[in-house]
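Written below as structure tokens is the structure these notes are about.
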Amino acid sequence: MVRTIFCMLVWSLAVGAASAQDVASLVLRVKAIGKEGVGNADAIQATKELIAKGPAAMPGILAGMNDANPVAVNWLRGAVEAIHDRAAKTGQPIPVKQLEAFLHDTRHSGKARRLAYECLVRLDPRLPAQLLPKMLEDPGTELRRDGVELKLKSSLKTEFPDADARKTFYRDLLRVARDNDQVASITKELGKLGVDIDLAQQFGFITRWLVIGPFDNTKGVGFQNVYLPERQIDLKGVFPGKADMPVRWQEHDVAAKAGATDLRKVGLVDFNEAIGKLKGAVAFGYAVVEAKEALPVEIRAGSNNAVRIYLNGREVFFREEYHHGFDMDQHVGRGT
Numbered sequence: 020m021v022r023t024i025f026c027m028l029v030w031s032l033a034v035g036a037a038s039a040q041d042v043a044s045l046v047l048r049v050k051a052i053g054k055e056g057v058g059n060a061d062a063i064q065a066t067k068e069l070i071a072k073g074p075a076a077m078p079g080i081l082a083g084m085n086d087a088n089p090v091a092v093n094w095l096r097g098a099v100e101a102i103h104d105r106a107a108k109t110g111q112p113i114p115v116k117q118l119e120a121f122l123h124d125t126r127h128s129g130k131a132r133r134l135a136y137e138c139l140v141r142l143d144p145r146l147p148a149q150l151l152p153k154m155l156e157d158p159g160t161e162l163r164r165d166g167v168e169l170k171l172k173s174s175l176k177t178e179f180p181d182a183d184a185r186k187t188f189y190r191d192l193l194r195v196a197r198d199n200d201q202v203a204s205i206t207k208e209l210g211k212l213g214v215d216i217d218l219a220q221q222f223g224f225i226t227r228w229l230v231i232g233p234f235d236n237t238k239g240v241g242f243q244n245v246y247l248p249e250r251q252i253d254l255k256g257v258f259p260g261k262a263d264m265p266v267r268w269q270e271h272d273v274a275a276k277a278g279a280t281d282l283r284k285v286g287l288v289d290f291n292e293a294i295g296k297l298k299g300a301v302a303f304g305y306a307v308v309e310a311k312e313a314l315p316v317e318i319r320a321g322s323n324n325a326v327r328i329y330l331n332g333r334e335v336f337f338r339e340e341y342h343h344g345f346d347m348d349q350h351v352g353r354g355t
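See below:
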């Protein structure tokens, strides 16, 4: 099984009594919070203790966000913000050098690095103009978005020598944009210049799939069950699906949606359309992409429900959460 392992980096500073071990232990207690408030009481106490550690604990808390679940991420973010607010009132020094190092270390999660960036900007409002132009291709969309936004605003004040220069500017910006509203703004400007963009091709969406389902997910049992398509790929096989209904792989081509301008619909595999509108169901999608040689890759997806991602038969990502909305590049599985 391929797993993404995040390094947890912590710093101890002379400005506070927060040892790396103490902070890491408290962070683990916060990260233990589960669904529907499980572990709430201990997380509350651990958060209070983290805040009491002061600014020296900020880098360790940020590092803890790397592999935390969404609920724990919010708690840890709250701890960092509370520490920063208290430090601003009391005059305690913020560990700027450590936060800068954290920000520039792309091994950390985008949300954690974004929070480090926000803390630094609060200290020096001039930083966005200095940092954001260098973050147009940042792996974290949280920071990339601000870089793209800065460039978009600059275009309103830029006098381009000719139409070709304007086209080049927006084409380059479209290459790095990832957020739906920004992509829509850029493609609109290109449209005014007579340039039509195929977003499915632009962003490398897979549009030809084989899909199979439904399998049972009543009361969420499907996420833990291992169904036959996960054990072997038999494209001609017939499998017992939900309520023992026979199911088989079928083609599902989403190329017809390639001209869409809403990134939430471009390349969308709509299982309601493919297998029917069913509740409590699991479905699988299968696609083949050939590479000339072995290389590290990221399989990126968006899904508003629980999802698992496999690459060459190995699981590279999973998330069990339902009805949370979806965006491009929301889930990232890494492998070879």
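For the sequence shown, our numbering assigns the number 20 to the initial residue and increments by one for each residue that follows. A virtual CB, placed ideally from N, CA and C, is assigned to each residue, including glycine. Being a predicted model, the structure only gives us computed values, none of them experimental.
Pairwise C-alpha distance: A91 and G58: Within the sequence shown, the letter at position 39 stands for residue 58. Within the sequence shown, the letter at position 72 stands for residue 91. Going from the Cα of G58 to the Cα of A91 covers about 11 Å.
Do you know how far the Cα of L45 is from the Cα of A39? Reading the sequence shown from its first residue, position 20 is the one you call residue 39. Reading the sequence shown from its first residue, position 26 is the one you call residue 45. Cα to Cα, A39 sits roughly 10 Å from L45.
With three or more beta-carbon pairs closer than 8 Å as the criterion, would you say the segment 189-208 touches the segment 237-247? no
By how many angstroms is the C-alpha of V195 removed from the C-alpha of D215? Residue mapping note: residue 215 aligns to position 196 of the sequence shown, counting from 1. Residue mapping note: residue 195 aligns to position 176 of the sequence shown, counting from 1. Near 17 Å, if we compare the C-alpha coordinates of V195 and D215.
With distances taken Cα to Cα, identify the nearest neighbour of D272 among M264, L282, K255, F290. Taking the sequence shown and counting its residues from 1, one reaches residue 272 at position 253. For the residues M264, L282, K255, F290, the minimum Cα distance to D272 belongs to F290.
Who are the Cβ neighbours of A33 in its own chain at under 6 Å, not counting the five residues just before and after it? Counting from one through the sequence shown, the residue named residue 33 turns up at place 14. Caution is warranted here: a pLDDT of 35 is assigned to A33, below 50, making its placement in the model unreliable, and no coordinate value can be reported.
Quick check on DSSP: helix, strand or coil for Q251? Numbered from 1 along the sequence shown, position 232 holds the residue referred to as residue 251. If DSSP states are grouped into helix, strand and coil, Q251 belongs with coil.
When the Cα atoms are used, what is the spatial distance from A120 to G97? Counted from its first residue, the sequence shown places residue 120 at position 101. Counted from its first residue, the sequence shown places residue 97 at position 78. Taking the straight line joining both Cα atoms gives about 21 Å.
If you follow the alpha helix (DSSP H) that A106 is in, where does it begin and where does it stop? As a working note, residue 106 is residue 87 in the sequence shown. Run containing A106: 89-109, per the alpha helix (DSSP H) assignment.
So, are the CB atoms of L118 and P78 less than 8 Å apart? As a first step, residue 118 is located in the sequence shown; it is residue number 99 there, counting from the start. As a first step, residue 78 is located in the sequence shown; it is residue number 59 there, counting from the start. Yes; because the gap between Cβ atoms is below 8 Å, this pair is in contact.
Is the segment 316-333 touching the segment 347-355 in the sense that three or more CB pairs, one from each, lie closer than 8 Å? yes
Does DSSP put Q349 in a helix, a strand or coil? Walking along the sequence shown from the start, residue 349 turns up at place 330. Three-state result, Q349: coil.
Neighbour-count burial assignment, S322, 16 or more Cβ in a 10 Å radius: Taking the first residue of the sequence shown as 1, we reach residue 322 at position 303. When all chains shown are included, S322 counts as buried.
Is the beta carbon of L146 sitting closer than 8 Å to the one on D165? Counted from its first residue, the sequence shown places residue 146 at position 127. Counted from its first residue, the sequence shown places residue 165 at position 146. No, the Cβ-Cβ distance between L146 and D165 is not below 8 Å.
For K72, does the count of other Cβ atoms within 10 angstroms reach 16, so buried, or fall short, so exposed? Residue numbering aside, residue 72 sits at position 53 when the sequence shown is read from its first letter. K72 should be labelled buried.
Between F345, L229, M264, G241, which lies nearest to K255 when the distance is taken from Cα to Cα? Within the sequence shown, residue 255 is the residue found at index 236, counting from 1. It is L229 whose Cα lies nearest to the Cα of K255.
Along the chain, where does the alpha helix (DSSP H) that runs through D235 open and close? Reading the sequence shown from its first residue, position 216 is the one you call residue 235. That residue, D235, is in no alpha helix (DSSP H); its beta strand (DSSP E) goes 227-235.
Say whether the segment 155-172 touches the segment 180-187, bearing in mind that this needs 3 or more beta-carbon pairs closer than 8 Å, one atom from each stretch. no
When burial is assigned at 16 or more other CB atoms within 10 Å of the CB, is A76 buried or exposed? On the sequence shown, residue 76 is found 57 positions in, with the first residue counted as 1. With 16 or more Cβ atoms within 10 Å of its Cβ, A76 is classed as buried.
Once the 5 residues before and after A325 are set aside, which same chain residues still bring their CB inside 7 Å of it? For this step, residue 325 is matched to residue 306 along the sequence shown. Closer than 7 Å at the Cβ level, and outside the excluded window around A325, lie F242, R338, E339, E340, Y341.
Compare the beta carbon distance of H350 and A320 with 8 Å and say whether it is the shorter of the two. Along the sequence shown, one-based indexing puts residue 350 at 331. Along the sequence shown, one-based indexing puts residue 320 at 301. Yes. Within cutoff.
What does the alpha-carbon distance come out to for the pair L81 and V266? The residue given as residue 81 occupies position 62 in the sequence shown. The residue given as residue 266 occupies position 247 in the sequence shown. Going by the C-alpha atoms only, they are around 46 Å apart.
According to DSSP, is H271 part of a helix, a strand, or is it coil? Walking along the sequence shown from the start, residue 271 turns up at place 252. H271: strand per DSSP, three-state reduction.
Extract the residue ranges of the alpha helix (DSSP H) inside the segment 111-141, only unbroken runs of 4 or more that lie entirely within it. 115-123
Alpha carbon to alpha carbon, how far is L218 from V285? Taking the sequence shown and counting its residues from 1, the one referred to as residue 218 is at position 199. Taking the sequence shown and counting its residues from 1, the one referred to as residue 285 is at position 266. If I take the Cα positions, the gap works out to 7 Å.
Measure the alpha-carbon distance for T187 versus M347 and round it to whole angstroms. Locating residue 187 in the sequence shown gives position 168, where the first residue counts as 1. Locating residue 347 in the sequence shown gives position 328, where the first residue counts as 1. Whole-angstrom Cα-Cα distance: 24 Å.
Let's test the definition: count the other Cβ atoms within 10 Å of the Cβ of A135 and tell me whether it reaches 16, buried, or not, exposed. What you label residue 135 is simply residue 116 of the sequence shown in a count that begins at 1. The residue is buried, with at least 16 neighbouring Cβ atoms inside 10 Å.
With a threshold of 8 Å on Cβ separation, who are the neighbours of V115 within its own chain once the five nearest residues in sequence on each side are excluded? If you number the sequence shown from 1, residue 115 lands on position 96. For V115, where only same-chain residues beyond five positions count, the Cβ hits under 8 Å are L139, L142.
Start and end residues, alpha helix (DSSP H) containing I63: Against the sequence shown, residue 63 aligns to sequence position 44. Its alpha helix (DSSP H) spans residues 59-72.
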